[in-house]
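Worksheet: the structure to be examined is printed underneath.
There are 2 protein chains.
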Amino acid sequence: MIELEVKVPCRDLAGLERRLLSLGARHLEDLEQVDMYLSHPVRDFGATDEALRLRRENQRSRITYKGPKLDQDTKMREEIELEVEDLERMSMLLERVGFRPFMKVVKRRRVLELEGVHFCLDRVEGLGDFVEMEYQGQDLGEGKRRINELRTRLELKGNERRSYLELLLEKG
Amino acid sequence: MIELEVKVPCRDLAGLERRLLSLGARHLEDLEQVDMYLSHPVRDFGATDEALRLRRENQRSRITYKGPKLDQDTKMREEIELEVEDLERMSMLLERVGFRPFMKVVKRRRVLELEGVHFCLDRVEGLGDFVEMEYQGQDLGEGKRRINELRTRLELKGNERRSYLELLLEKG
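Protein chains in written order, with my numbering: chain A, 1 to 172; chain B, 173 to 344.
Structure below.
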């Protein structure tokens, strides 16, 4: 399963939401996401463009590995994700084998769906507002077509390839 | 929570089970455990006396970290354990960050309880039969007393400090 993701800064999330709804988008969910990114015992995840993340999302706990970006335009990358019983214990276990918590990203995310594309309207603590368009599927070409068509229709300009983590790190 | 564990080889598991039941032991459960031990990307878990294990036990999936043994007589060590949603995905995620599956341990375990001590009657594929006496609690002295009293009463001789993993590795 490939996840295709395009992110752009957005100055007016409320306006975008109204426009999406008027085009027939469905509201899927509201999430509060608290992410803890971990550093590897010897590998520099910044240099290898990987990430290991522990996420608390509403009441769920998950661990996610993100591989390097595979594509210049989008943020396509391998993702391996699963639920875990307890985030504190998972974190403690990983610390014992040399991983270290090094950056926290907190955001509120409202998710809408239009024509098979998920729109994540994100308010990121310390960074501002963004919209992420996500297409999940096997057909990369089809995903790119749909996302580009919707971006044009919604006049969403820009392409922020950096993750919230990278943006926060650069902000210092 | 400290786990105190003493293991001895046992030539007659069926006889030991009868004897335990005649002393009033309760049968708790029967388990089929398939353990995959992982090697660390740079640390030699053999040298540091640690272990990282993925276990499928009947229908449950868990990950466990075991710290170095803290005691000469028993096998007392820190354990951090939690359930995970999917063992294959957990394994794949760990492989992406440099861990490698390196040894599988398969056993059938019958668990009985007597006077707060768990008796695990183990048939280990490729190794033979053992009994593990386990005490979980805060009071190390009390645990040692109970286990030693029961060992004497049941005439369980020997003290195998090596793990099944170590025994299988030494067997080659």
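Quick reminder that beta carbons are idealized off the backbone N, C-alpha and C, glycines included.
Cβ neighbours of residue i in the same chain (closer than 8 angstroms, five flanking residues each side left out)
{"i": "A:Asn175", "result": "In the structure as shown, chain A starts at 1 and stops at 172, and residue 175 of chain A therefore has no counterpart that could be examined."}
{"i": "A:Lys104", "result": "Val34, Asp35, Met36 and Tyr37"}
{"i": "B:Leu286", "result": "Leu192, Leu195, Gly196, Ala197, Arg198 and Leu322"}
{"i": "B:Asn230", "result": "Leu203 and Glu204"}
{"i": "A:Arg146", "result": "Glu115, Gly116, Val117 and Tyr135"}
{"i": "A:Val111", "result": "His27, Leu28, Glu29, Asp30, Leu31, His118, Phe119, Cys120 and Leu121"}
{"i": "B:Arg325", "result": "Leu195"}
{"i": "A:Glu17", "result": "Arg110, Leu112 and Leu121"}
Residue range of the unbroken beta strand (DSSP E) whose run includes residue i
{"i": "B:Arg204", "result": "Note that residue 204 of chain B is Glu in the sequence shown, not Arg. Looking at the DSSP string, the run of the beta strand (DSSP E) that includes B:Glu204 is Arg198 to Ser211."}
{"i": "B:Lys276", "result": "Arg272 to Leu286"}
{"i": "A:Met133", "result": "Gly128 to Gly137"}
{"i": "B:Glu222", "result": "Taken as a continuous stretch (DSSP letters only), B:Glu222 belongs to no beta strand (DSSP E), as it is neither H nor E."}
{"i": "A:Arg123", "result": "Val117 to Val124"}
{"i": "A:Glu79", "result": "Glu79 to Glu83"}
{"i": "A:Val8", "result": "Ile2 to Pro9"}
Assumed close pair residue i, residue j - CB separation to whole angstroms, cut-off 8 angstroms
{"i": "A:Arg167", "j": "A:Leu127", "result": "According to the sequence provided, residue 167 of chain A is Leu. The question's Arg does not apply to it. That belief holds up - the Cβ atoms of A:Leu167 and A:Leu127 are roughly 6 angstroms apart, short of 8 angstroms."}
{"i": "B:Val256", "j": "B:Arg234", "result": "7 angstroms"}
{"i": "B:Arg249", "j": "B:Lys238", "result": "5 angstroms"}
{"i": "A:Leu4", "j": "A:Gly143", "result": "4 angstroms"}
{"i": "A:Cys10", "j": "A:Val131", "result": "5 angstroms"}
Chain-ordered neighbours of residue i on chain B, where CB pairs are closer than 8 angstroms
{"i": "A:Arg55", "result": "By Cβ distance, chain B contributes nothing, its closest Cβ being about 13 angstroms from A:Arg55, past 8 angstroms."}
Beta-carbon neighbours of residue i, restricted to chain A and to distances below 7 angstroms
{"i": "B:Met262", "result": "Leu82"}
Chain-ordered chain A contacts of residue i [CB-CB under 9 angstroms]
{"i": "B:Asp258", "result": "Leu82 and Glu83"}
{"i": "B:Gly144", "result": "Residue coverage of chain B in this structure runs from 173 to 344, which leaves residue 144 of chain B outside it and unanswerable."}
Boundaries (first-last residue) of the alpha helix (DSSP H) holding residue i
{"i": "B:Lys343", "result": "Tyr336 to Lys343"}
{"i": "A:Glu88", "result": "Leu87 to Arg96"}
{"i": "B:Leu192", "result": "Leu185 to Ser194"}
Residue i - partner residues in DSSP beta bridges
{"i": "A:Lys69", "result": "According to DSSP, which records beta bridges pairwise, A:Lys69 is partnered with nothing at all."}
{"i": "B:Ile319", "result": "None, per the DSSP bridge assignment."}
{"i": "B:Arg228", "result": "B:Val206 and B:Ser233"}
{"i": "A:Lys157", "result": "Answer is none; A:Lys157 lacks a bridge partner."}
Chain B contact residues for residue i, given Cβ-Cβ distances below 9 angstroms
{"i": "A:Leu93", "result": "Leu224, Ile235, Thr236, Tyr237, Ile252, Glu253 and Leu254"}
Own chain partners of residue i with C-beta closer than 7 angstroms, once the 5 adjacent residues on each side are dropped
{"i": "A:Met125", "result": "Looking at the sequence itself, residue 125 of chain A is Glu, so the reference to Met does not match. Cβ neighbours of A:Glu125 beyond the five flanking positions: Val106 and Lys107."}
{"i": "A:Val42", "result": "none"}
{"i": "A:Leu82", "result": "Arg62 and Ile63"}
{"i": "B:Leu337", "result": "Tyr209, Ala223, Met275 and Val277"}
{"i": "B:Leu242", "result": "Met248 and Arg249"}
{"i": "B:Asp258", "result": "Ser233"}
{"i": "B:Met262", "result": "Leu226, Ile235 and Val256"}
Near the ligand GTP: residue i beta-carbon under 7 angstroms from a heavy atom
{"i": "B:Arg272", "result": "With respect to the ligand GTP, the structure shown offers nothing to examine, as it has no ligands at all."}
Residues near residue i by beta carbon distance below 6 angstroms, same chain, minus five either side
{"i": "B:Arg225", "result": "Asp207, Tyr209 and Thr236"}
{"i": "B:Gly187", "result": "none"}
{"i": "B:Leu185", "result": "Leu293 and Asp301"}
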